[in-house]
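The structure appears right after this line, and notes come after that.
Structural data, given as structure tokens:
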């Protein structure tokens, strides 16, 4: 977690509190902008994620998934699949640093068909 303790990373990562509705919306907007960028730059299609948003899947928080991950592609092509789950674990650490919980059912790294992300604030009781 030394990487996450880097002053620059701490500053960037601490700008969101997943318990605040405005911050959750800001985060969702960032992710939608990433999708818009990817769609506007098809030449990078194989080098970025393909976002699939579903605002109705859960009552609480924010959800999306993707079926293409450049990290997974690189790891598969170069024999680093055993290290890939560590990269995915960083997602949980980053969300925890922002007062959130990341719920996940599967990742491409562990053989799933998708990488799913459901973010809720860490004060959310019985998220649904």
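Numbering (the numbering used here), first residue to last: 20 to 147.
Cβ atoms here follow ideal geometry from the backbone N, Cα and C, with glycine treated the same way.
On a predicted model such as this, the values are computed, not experimentally measured, just so you know.
Give me, in chain order, the residues of the same chain whose beta-carbon lies closer than 7 Å to that of residue 107; leave out the 5 immediate sequence neighbours on both sides. Within the chain shown, residue 107 is the residue found at index 88, counting from 1. Excluding sequence positions up to five before and after residue 107, its CB lies within less than 7 Å of the CB of 126, 128, all in the same chain and listed in chain order.
Residue 130 beta carbon near the ligand ADP (any heavy atom closer than 7 Å): You won't find the ligand ADP in this model; it holds no ligand whatsoever.
Anticipated Cβ contact below 8 Å, residue 146 with residue 80, distance rounded: For this step, residue 146 is matched to residue 127 along the chain shown. For this step, residue 80 is matched to residue 61 along the chain shown. Correct: roughly 6 Å between the Cβ atoms.
So, with DSSP's three-state summary, where would you put residue 110? Your numbering for residue 110 matches position 91 in the chain shown. Per DSSP, reduced to three states, the secondary structure at residue 110 is helical.
Could you check where the beta strand (DSSP E) with residue 121 kicks off and where it finishes? Reading the chain shown from its first residue, position 102 is the one you call residue 121. Per DSSP, residue 121 belongs to the beta strand (DSSP E) from 119-122.
Considering Cα atoms alone, identify which of 35, 62, 60 is closest to residue 49. Along the chain shown, one-based indexing puts residue 49 at 30. Relative to residue 49, the option among 35, 62, 60 whose CA is nearest is 35.
For a quick check, are the C-beta atoms of residue 101 and residue 118 less than 8 Å apart? Taking the first residue of the chain shown as position 1, residue 101 is located at position 82. Taking the first residue of the chain shown as position 1, residue 118 is located at position 99. Using a Cβ distance threshold of 8 Å, residue 101 and residue 118 do not count as a contacting pair.
To the nearest angstrom, how far is it from the Cα of residue 120 to the Cα of residue 136? Locating residue 120 in the chain shown gives position 101, counting from the first residue. Locating residue 136 in the chain shown gives position 117, counting from the first residue. Residue 120 and residue 136: Cα-Cα distance of roughly 10 Å.
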